[in-house]
Amino acid sequence: MPIYEYEHTEGSRVCPVKFEVNRPLNAPPLTVCPVCKKPVRRVYGGFYMPNHL
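Under my numbering, think of the first position of the sequence shown as 152, with each following residue one higher.
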């Protein structure tokens, strides 16, 4: 299962600003935090690719 990174779009006193979640590939992206129920958005990060020119 891939690991997705999300960040809160509004401040949360309970959760960190960014967090990671293991989700199946076919699962829809989260729209609210599973802990505090505040809105979140997915963060797209870089990736490592060896021998890439």
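Cβ coordinates follow ideal geometry from the N, Cα and C atoms, glycine included.
| message | Are the CB atoms of V186 and C166 within a distance shorter than 8 Å? | response | Residue 166 sits at position 15 when you count from the first residue of the sequence shown. Residue 186 sits at position 35 when you count from the first residue of the sequence shown. Contact flag set, yes.
| query | What's the C-alpha gap between P201 and I154? | reply | Along the sequence shown, one-based indexing puts residue 201 at 50. Along the sequence shown, one-based indexing puts residue 154 at 3. Computed Cα separation, rounded: 20 Å.
| What is the DSSP secondary structure of E161, counted as helix, strand or coil? | The count along the sequence shown starts at 1 and reaches residue 161 at position 10. The answer is coil: DSSP assigns E161 none of H, G, I, E or B.
| query | Grouping DSSP H, G and I as helix and E and B as strand, with all else coil, what is F170? | reply | Within the sequence shown, numbered from 1, the residue matching residue 170 stands at position 19. It is a strand residue.
| Should V191 be labelled buried (16 or more other beta-carbon atoms within 10 Å of its own) or exposed? | Here residue 191 is taken as the residue at index 40 of the sequence shown, counted from 1. Buried, because 16 or more other Cβ atoms sit within 10 Å of the Cβ of V191.
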